[in-house]
Amino acid sequence: MGLFSRLFGAKSAPEPKEVTPVEYKGYLIYQEAMAEGGQFRIAGRITKTIDNEVKTHRFIRSDVVPSQADADDLMLRKAQMFIDQMGDNIFS
Numbered sequence: 015m016g017l018f019s020r021l022f023g024a025k026s027a028p029e030p031k032e033v034t035p036v037e038y039k040g041y042l043i044y045q046e047a048m049a050e051g052g053q054f055r056i057a058g059r060i061t062k063t064i065d066n067e068v069k070t071h072r073f074i075r076s077d078v079v080p081s082q083a084d085a086d087d088l089m090l091r092k093a094q095m096f097i098d099q100m101g102d103n104i105f106s
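Heads up: the sequence shown begins at 15 in my numbering, then just goes up one per residue.
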């Protein structure tokens, strides 16, 4: 199968990068901007341990910006606002 992949240009999935979460009011925010057409889509995860279980909310926005740093900054601010508005209902 490796031969056919090389012949027909199939690319392997990119290695997931290690993301250091930002702690906010007991939640962990993972800024995981997605490269898309030379820009970056605002994306990430919000997690919290509730009753010894890690709950996760995946966060993908339609917004795209020119740099990964801008996407990560906007992700953090939007996630913080979402946490302030929804609290633990994020995971419902």
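In this text, a Cβ means the ideal position worked out from N, Cα and C, and glycines have one as well. Please read these numbers as outputs of a predicted model, since none were measured by experiment.
What residue range does the alpha helix (DSSP H) around residue i cover?
i: Phe96; result: 82–100
Since residue i and residue j are thought to touch, with beta carbons under 8 Å apart, how far apart are those beta carbons, to the nearest angstrom?
i: Tyr38; j: Arg59; result: Incorrect: roughly 13 Å between the Cβ atoms, too far for contact.
i: Val33; j: Glu46; result: 6 Å
i: Met89; j: Ile56; result: 5 Å
i: Glu50; j: Val78; result: 6 Å
i: Ser81; j: Phe54; result: 7 Å
What are the start and end residues of the beta strand (DSSP E) that includes residue i?
i: Ser76; result: 67–79
i: Ile43; result: 41–45
i: Ile104; result: First-last for Ile104: undefined, no H or E at that position.
Count the other CB atoms, across all protein chains shown, that sit within 10 Å of the CB of residue i; report buried if there are 16 or more and exposed otherwise.
i: Ala27; result: With a pLDDT of 49 at Ala27, under the threshold of 50, the modelled position of that residue is not reliable, and the figure given next carries that caveat. The residue is exposed, with fewer than 16 neighbouring Cβ atoms inside 10 Å.
i: Ile97; result: buried
i: Ala93; result: buried
i: Lys86; result: Strictly speaking, residue 86 in this sequence is Asp, with Lys absent from that position. Result: buried.
i: Asn103; result: exposed
Tell me, which residues are paired with residue i by DSSP?
i: Glu50; result: Gln53
i: Glu37; result: Leu42
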